[in-house]
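Protein chains in written order, with this note's numbering: chain A, 2 to 382; chain B, 2 to 382.
And the structure:
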C-alpha cells in the first residue's frame, strides 16, 4: 500500500512518537495539574516538555501562551469565537477550510459579524495586493491558511502579518497545512493567533493540536470547566494556559506530539521540505504534459506538499477509488472541506484528486503513482 | 507505588486498551470519514465499533446519537451551550463539577439564563424531595452528576429522570464519576443528554469522552468545521454525529476506549462494582473509628468508589503530600474542581483527601493505605 494522504493525517508516525505514548500509558498516565502526587507530576512534566518544544519550534517566547486542543477545528473556533464581538468585521480568504468558514458563516448568519472573502488567483494563490486592498483599519480579524489544503499554494503570511500589525488587525493563521514543512516564526510573521494540528506535519498522533495566543490578545474561552486551578472560583480563571485548557488533556497524545516535533528538529525541517519538493517535482514532470490531466497545484517551490489534479470530466472520487482498489494507493478526492476553494478553482463539480506525499514516502512509490494515474487517464487500467 | 486517584483518571489501563492503540498507530491510522481509501475505512471501522460498543453499554438505541468528545468538560459545555436559549431556567445541584457550574455561571453572569442550585444533605446526598421541589414545568434543563466526585455519593438519577420527563425538562447527566461502575441505562433513566469520560471508569485513554443526545433533542454545535460530509455547505450539517464531531477525531484513543468498555463487559460491571465496594468497606472499617479523622463519604452501597476524609484541621494537600512522599500513595487533596460541594460540606478551608480505588487495586494496598493514614492522623509518621 502506498499512503499519499498526508494532508489528512501523516503516516507512518516516527517510532519515537509511538514509543513515547506506549511508555506513558504503561508507566503511569495520571491526570496532570490536578493531583500533586508523583505520577501526576510526571504527566505534568511530559505536557510541559511538549509545550516548550513546540514554543521553540514556532519561536513562541512564552510556552504558557500555547493551549493544547483536541484538533485544529477546536483551535480555530476557540480563536474566532474568543476574539470577535458584535459588529466585528472579519476578512478571510476563499482558500480557507470549513473549520474557519463555518464558524464565520454561522456568526454572520446570526447578524453578529460581517465577513469579507478574498478571492484567489489561479492555483489558489492569494496575492499581496488583494490582501492590502481588503485589510484596512477597522477590520478586527484576518484569517489565513498557511497553505491551501486543496492546491498546496503557500500563502504570503509574512507580508500579511506586516499589513495586519500596521493596521491593528488581529492575524489568525491556520497552520493545518504546512506546519512541520514550512518554517513558522510567530514573531517574524507577526502572528497573533496560530492554530496548528499535531497529527499532520508535526508527526504526532490524532487528538492533538494547539492554539497560540500572543501576549496582550484578549480571548474569551469557548468552554469553561475544571482547570485544576482556582477551584474555588465559579468562573473560568484568566491565567494561561488554564483559561483555554478545561478538562483532562490527552496526555499520551501530547507525549507523542513532543516526540514528533523533536523528530522534525533532529531531521531538519529543510530536509523534510526538500524531500517533499523532490517528490512533487517528479509528479509534475511525470504528469504535467499528459493531455487528459489538468493540474491545480503551484510548482514545488511555492507548494507545501500537495499535488491536485483532475482527469477530463471524471469524478475525482472515482479516480481515488480506482487508485485505491486497483493500485493500493491512498489519496483523497472530493472537496476537502473547502467549498469556496473549489468554487474559485472551477472544480465544484468533479472535485480534485489530492496527492499529498510525506517525509516517509519515496521515489519508487512516486513512480508507481505516476504510472497508475497515467493508466487511469489513458483509460487502460 | 499505590495509585488511589482513579476518580481523576483510571490506572493502569487494561493491556488490551494499550494494544489496540499500538495496533492502529502502527498498522495505519488514517483520517476516518474523510478519504475513502482502505486505510481510512479501517479507521472508520474502529470508530464505528467503539460507538456501537458504547451504545450497547448505555442502552442507546442509535449509536449515531453518540458524538466523540475530547473530554467530559467539552461534552458538558456542548450540551449546556447547545440546548439553552435566552431566558432559560436551569437547575443544577451543588455537587456539580466546575465543568457544569462554570459554563452555567458564565451564562448567568451575562444575564442569559438563570440558575438554581439544589443543596445537598450531609455527605453530599441530594434528596428526591429537593429535586421534586426544584423541578417544575418551565425549567429548561436539569444538570445532575451520576455520583459526587468529592464524596462518591450516588445520585437518585432514575427518580430524577422520571420527574424531568413528566415536567418536560431536559435531563443532562454528568457521568464523569460512576460510568463503568454504576450501570447506566439512558432509556430506563430517562436521560436526554449523557456526558461521559473515556479515561476514568470506562478504562480508556485520556483524550476520549462522549456526549449522547436523545433523538428529538435539538442541539446547536459548539464548534463548526470540517466534518467530511456536505463539504459544499458553508454551514454545519445537522446530521448526527457530524453536527457535533468537527475536525479529526482521536482515533487511537477511540480504539483504546472501545477495548476499555469491552473489558468491563467481559469482566462484568457488578464484579468491578463489588471489588471497589469491598475496598471502601475496608477503609470505613479501618479508619471510621479514629477520633482524629472525619469521614465525608456515604457507606459503600451508596457510593461509586470514593473515600473522602479530613484529619483534624490539617490541610488536605499536606496529608496527600505526606501520603505521596513518605508512603508512595497517590491520592488527591484540595477542592476537586467542586467549590459548592466543599462549601456545602463545610470543607472549603482544608479541602478533603480523596481516596479513589479502582478495579486494579487490591486488599494489601488498601491495608497499607489505612496504616499510612492512621500514622499521619496520630502524628507518628
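By construction, the Cβ of each residue, glycine as well, lies at the ideal position given by its N, Cα and C atoms.
What are the residues in the region 307 to 326 of chain B lying within 8 Å of chain A by C-beta distance? Within the region 307 to 326 of chain B, the qualifying residues are 318, 321, 322, 324 and 325.
Which ranges does the alpha helix (DSSP H) cover as unbroken runs of at least 4 residues, wholly within the region 282 to 357 of chain B, from first to last along the chain? Scanning the region 282 to 357 of chain B for uninterrupted alpha helix (DSSP H) segments of 4 residues or longer gives 317 to 328 and 340 to 346, listed from N- to C-terminal end.
Beta-carbon within less than 6 Å of residue 254 of chain A's beta-carbon, same chain only, minus the 5 sequence neighbours each way: which residues are those? Taken in chain order, the residues that qualify are 206, 208 and 209.
Anyone know if the C-beta pair for residue 308 of chain B and residue 284 of chain B falls short of 8 Å? Contact flag set, yes.
Since residue 95 of chain B and residue 118 of chain B are thought to touch, with beta carbons under 8 Å apart, how far apart are those beta carbons, to the nearest angstrom? Yes, residue 95 of chain B and residue 118 of chain B are in contact; Cβ-Cβ is about 5 Å, under 8 Å.
Residue 38 of chain B and residue 339 of chain B closer than 8 Å at C-beta: Taking 8 Å as the Cβ cut-off, residue 38 of chain B and residue 339 of chain B do not qualify as a contacting pair.
At the level of alpha carbons, what is the spacing between residue 360 of chain B and residue 177 of chain B? In this structure, the CA atom of residue 360 of chain B is about 16 Å from the CA atom of residue 177 of chain B.
Using 8 Å as the threshold, is the C-beta distance between residue 302 of chain B and residue 69 of chain B below it? It is not a contact, given that the beta carbons lie outside the stated cut-off.
Endpoints, the alpha helix (DSSP H) within which residue 368 of chain B is located: For residue 368 of chain B, the enclosing alpha helix (DSSP H) has its first and last residue at 364 to 378.
Cα-Cα separation between residue 382 of chain A and residue 8 of chain A, rounded to whole angstroms: Whole-angstrom Cα-Cα distance: 26 Å.
Identify each residue in the region 235 to 255 of chain A for which the Cβ-Cβ distance to at least one residue of chain B is less than 8 Å, and report them in chain order. So the close ones are 235, 236, 237, 247, 248, 249, 250, 251, 252, 253 and 254.
Please list the partners that residue 113 of chain A has in chain B, where partner means a Cβ-to-Cβ separation under 7 Å. Think of a sphere of 7 Å around the beta carbon of residue 113 of chain A: no beta carbon from chain B falls inside it, the nearest being about 13 Å out.
If you drop the 5 nearest sequence neighbours on each side, which residues of the same chain put their C-beta closer than 8 Å to that of residue 41 of chain A? Within the same chain, Cβ atoms closer than 8 Å to the Cβ of residue 41 of chain A are found at 31, 32, 33, 34 and 35, the five residues on either side in sequence being excluded.
In whole angstroms, give me the CA-to-CA distance for residue 222 of chain B and residue 192 of chain A. Looking at the two C-alpha atoms, the distance is approximately 28 Å.
Residue nearest to residue 73 of chain A in terms of C-alpha spacing, selected from B:276, B:327, B:341 and B:249: When only C-alpha atoms are compared, the closest one is B:249.
Cβ of residue 300 of chain B within 8 Å of Cβ of residue 126 of chain B? No, Cβ-Cβ distance for residue 300 of chain B and residue 126 of chain B is not below 8 Å.
Consult DSSP for residue 238 of chain B and reduce its assignment to one of helix, strand or coil. In this structure, residue 238 of chain B counts as coil in the three-state DSSP scheme.
Starting from the Cα of residue 151 of chain A, find the closest Cα among B:3, B:272 and B:232 and give me that residue. Checking every option, the nearest Cα to that of residue 151 of chain A belongs to B:232.
If we require 3 or more residues per run, which beta strand (DSSP E) segments fall completely within the region 173 to 202 of chain A? Correct list: 194 to 198.
When burial is assigned at 16 or more other CB atoms within 10 Å of the CB, is residue 79 of chain A buried or exposed? So residue 79 of chain A counts as buried.
Counting Cβ pairs, one atom from each stretch, are 3 or more of them under 8 Å apart for the region 140 to 149 of chain A and the region 266 to 285 of chain B? In short, these stretches do not touch, since the Cβ pair count stays below three.
Classify residue 313 of chain B: buried if its beta carbon has 16 or more other beta carbons within 10 angstroms, exposed otherwise. By the neighbour-count rule (16 or more Cβ atoms within 10 Å), residue 313 of chain B is not buried but exposed.
To the nearest angstrom, how far is it from the Cα of residue 196 of chain A to the Cα of residue 274 of chain B? Whole-angstrom Cα-Cα distance: 42 Å.
Simplified DSSP state of residue 87 of chain A, which is helix, strand or coil: Here residue 87 of chain A sits in coil by DSSP.
For residue 206 of chain A, which residues in chain B fall below 7 Å Cβ to Cβ? Residues of chain B whose Cβ lies closer than 7 Å to the Cβ of residue 206 of chain A are, in chain order, 26 and 253.
Residue 87 of chain B classed as buried or exposed, judged by whether at least 16 other C-beta atoms fall within 10 angstroms: Exposed, since its Cβ has fewer than 16 Cβ neighbours within 10 Å.
Counting C-beta neighbours from all protein chains within 10 Å, is the total for residue 108 of chain A 16 or more, i.e. buried, or is it exposed? So residue 108 of chain A counts as buried.
Mapping the DSSP letters down to three states, classify residue 30 of chain B as helix, strand or coil. Coil at residue 30 of chain B, not helix or strand.
Can you tell me whether residue 57 of chain A is buried or exposed, with buried defined as 16 or more other CB within 10 angstroms of its CB? Counting Cβ neighbours within 10 Å, residue 57 of chain A comes out exposed, since fewer than 16 surround it.
When burial is assigned at 16 or more other CB atoms within 10 Å of the CB, is residue 385 of chain B buried or exposed? Because chain B here runs from 2 to 382, residue 385 of chain B falls outside it and cannot be looked at.
Could you spell out the range, first to last residue, of the alpha helix (DSSP H) harbouring residue 152 of chain B? Where residue 152 of chain B is concerned, there is no enclosing alpha helix (DSSP H), given that its DSSP letter is neither H nor E.
If you reduce the DSSP assignment to three classes, tell me which class residue 216 of chain B lands in. Residue state for residue 216 of chain B is assigned as coil, using DSSP reduced to three classes.
So which residues on chain B does residue 4 of chain A lean against when the C-beta distance must stay under 9 Å? Ordered by position in chain B, the residues that pass the 9 Å Cβ test against residue 4 of chain A are 29, 31, 38 and 40.
Does DSSP put residue 79 of chain B in a helix, in a strand, or in coil? Correct three-state label for residue 79 of chain B: helix.
Residue 167 of chain B burial status per 10 Å Cβ neighbour count (16 or more: buried): Exposed, because fewer than 16 other Cβ atoms sit within 10 Å of the Cβ of residue 167 of chain B.
8 Å Cβ cutoff met for residue 352 of chain A and residue 317 of chain A: In this structure, residue 317 of chain A lies closer than 8 Å to residue 352 of chain A by Cβ.
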